Structure formats: C-alpha cells, structure tokens
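Residues in the sequence shown are numbered consecutively from 591, following the numbering used here.
Notes follow once the structure below has been shown.
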Amino acid sequence: MKPLFWIDLEMTGLDEVSDKILEVAVIITDINLKHLEQYHRVVFQPQEVVDGMNDWCKKTHGDSGLTAAIPTGTPLETVEKELLELIGRHYGGKDRVVLAGNSVGNDKRFIDRYMPDFAKRLHYRLIDISSFKEIYREKYNLSFAKQNSHRAVDDIVESIKELEYYLSFIKIPETPSK
C-alpha cells in the first residue's frame, strides 16, 4: 500500500479564484497512520493580499500567528517544487498521489489553480475525513472534539486522530483459518 499524503492548506478565504494560499503542510503516513515525514511552509503573499482578507481570516490567522509569518514566507513556486520532491521520495516518478485530509476537496481546488505541476501528480480519489464526520454525526450522533487551531500542521495531526477515532468503531470479524 502506498503511503497516505495528508495535506492541509490555510488560505485567505474559500474561493480558489479570488483567495490565495497562506500555508501548506503535509504529513505522510503509512496505512497504519504512522508518521513517515512532515513538511510545512508558510507561503509569502504581498501585503495587499493579507490586507484583503475577510474579518474571520484576519482574526483567526492573526490570533494563530500565521499572519505575522507571511512576510517572511516561502514563494509558492518553491513550495510546489518542494512538494514534487516530497512525492518523488515517497511515490517514485509516476504514481499518482491520493490526498487525505479534512474537506480536502477544497484544498485540491486551490492546488489545481495555483500549483498545476503538483496537481498533475494527484489522483482523482481523495480520502476526506469530513465524510466520516457527516456519517457518524448523522447516523450515530457521534462527533470528534476538535481544537480547530487553523494552523496547517495542527489541523493534519487532528485529522489523523479524527480518522483513528472513527476507525475505532469498526470491528472486522475474524475469518476462520483454513
């Protein structure tokens, strides 16, 4: 089984056309969710991009310390190159990568728009923990208590713990040996 490529982006908003990427984190795990490698970068954006954030983003990213780190962030082109190198180390030169995360489809829209070379290495399938969240909440009235720090690495760590929580309810019956 190929490793899982957990990703989280923090952005200036949720619209990939008008908003920008501020932070990128990846944690690569094996199928048992053991951490293999971690990657993190704050993305440089011009001050006018930061100033144009909505009030929720200004407060959240300001309180978390992300806003203060943006002026010394890494250019997005460099981040994309580093992500491709990360894929090369864990997946080789041809395999497509399945992204994992919470509401990862939204992250993928930003990736498709702003990091097209990275996007070319991604599989169309996604492992979206928010799908588990919806089913467990609606069907079983169960939910995972999240901290919602809105920092990319913290959010991935929390998503991995959330998947572990949901998986803890699944019991596979033992198959009699032949």
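Even for Gly, the Cβ is constructed at its ideal location relative to N, Cα and C.
All values derive from a computational prediction rather than experimental measurement.
- Here GLY691 really is in contact with ASP697; their C-beta atoms are around 6 Å apart, less than 8 Å.
- Counted as a single uninterrupted DSSP element, the alpha helix (DSSP H) harbouring ILE750 occupies residues 742 to 757.
- Segment contact: the region 654 to 668 against the region 630 to 645, three or more CB-CB distances shorter than 8 Å; contact assigned.
- Three or more pairs of CB atoms, one per stretch, sit closer than 8 Å, so the region 641 to 655 contacts the region 596 to 612.
- Within the same chain, and ignoring the five residues on either side of VAL607 in sequence, the residues whose Cβ sits closer than 8 Å to its Cβ are ARG703.
- For PHE708, the uninterrupted alpha helix (DSSP H) run begins and ends at 706 to 709, by DSSP.
- For GLY691, the pairing in a beta bridge is given by DSSP as ASP718.
- Burial check for ALA615: the Cβ neighbour count within 10 Å reaches 16 or more, so the residue is buried.
- The criterion of a C-beta distance shorter than 8 Å is not satisfied by LEU674 and PHE700.
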